[in-house]
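In this note's numbering, the protein residues as written are 3 to 188.
Take a look at the structure set out below.
Structure, rendered in structure tokens:
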């Protein structure tokens, strides 16, 4: 039998898919997934949140700036619909705390979502929760947990995760550990 420490360490090295994220949200909110490459100049907020969606897990990939080819390197973020619970502001959540504009610059993606939000009330991510590095692949775990707590603002969610004695990376993996065990047969 593996120890809790061993399970946590193993989980930090597993990049998760949308099924995992959806399972963590567990019907608390209606969630869908969009690949950022599907966004165009004609994308609307109504399209993003169609069919009663409360939040959308958006997968960004790094595009090669010279060829435009999409690389397999991805990063999960979460876009939450404006509601009374979050002060009627759309919430863009990024566990790296880069925020939407920097993610678009780093991934070499078009600024369609940025342009769409220009005249809207929205809150960007500014607090880094996830450690950057090749052995830290828990952005999907952060997105699942953020979706589970979709009623919070980004600032409230950051406060929630930083309230304990553990690093946010460890805390989020611990809070989603049963889903890692279920999905990845650990």
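Beta carbons are placed, not taken as given, at the ideal position from N, Cα and C, and that holds for glycine.
query: For residue 65, which three-state DSSP category applies?
result: Strand.
field: Through-space distance from residue 61 to residue 143, alpha-carbon basis
entry: Rounded to the nearest whole angstrom, the C-alpha separation of residue 143 and residue 61 is 13 Å.
message: For residue 11, tell me which candidate among 179, 55, 19 and 95 has the shortest Cα-Cα distance.
response: Of the candidates 179, 55, 19 and 95, the residue whose Cα lies closest to the Cα of residue 11 is 179.
field: Rounded straight-line distance, which links the Cα of residue 3 to that of residue 51
entry: Each residue's alpha carbon lies about 43 Å from the other.
message: Quick check on this structure: which residue in 91, 168, 117 and 183 has the alpha carbon closest to the alpha carbon of residue 154?
response: The alpha carbon of residue 154 has as its nearest neighbour, out of 91, 168, 117 and 183, the alpha carbon of 91.
- prompt: Which class does residue 25 belong to by DSSP, given the choice of helix, strand or coil?
  reply: Three-state DSSP puts residue 25 in a helix.
query: At which residue ranges does the segment 86-122 contain complete beta strand (DSSP E) runs of 3 or more residues, listed in the order of the chain?
result: Complete beta strand (DSSP E) runs here, min 3: 92-95.
field: Rounded Cβ spacing between residue 72 and residue 65 (contact assumed at less than 8 Å)
entry: So it is a contact: roughly 6 Å between Cβ atoms.
query: So which of 49, 102 and 184 has the shortest CA-CA distance to residue 116?
result: The shortest Cα separation from residue 116 among 49, 102 and 184 belongs to 102.
Straight-line gap, residue 47 to residue 69 (C-alpha atoms, nearest Å): Taking C-alpha positions only, residue 47 is separated from residue 69 by approximately 29 Å.
query: Can you tell me the Cα-Cα spacing of residue 30 and residue 148, whole angstroms?
result: Linking residue 30 to residue 148 through their CA atoms gives a straight-line distance of about 11 Å.
task: Using alpha carbons as the reference points, say which of 86, 7 and 77 lies closest to residue 189.
output: With the chain running from 3 to 188 in the structure shown, residue 189 is simply not present.
message: Tell me which residues share the same chain as residue 156 and place their Cβ nearer than 7 Å to its Cβ, disregarding the 5 neighbours each side in the sequence.
response: These residues qualify, in order along the chain: 93, 95, 125 and 127.
Residue interval of the beta strand (DSSP E) (run including residue 80): Residues 72-82.
- request: Using only alpha-carbon positions, find the residue among 181, 188, 187 and 186 that is nearest to residue 24.
  value: Of the listed residues, the one whose Cα sits closest to residue 24 is 181.
- prompt: Ordered along the chain, which non-local residues of its own chain (more than five positions away) have a Cβ less than 7 Å from that of residue 166?
  reply: Correct list, in chain order: 173.
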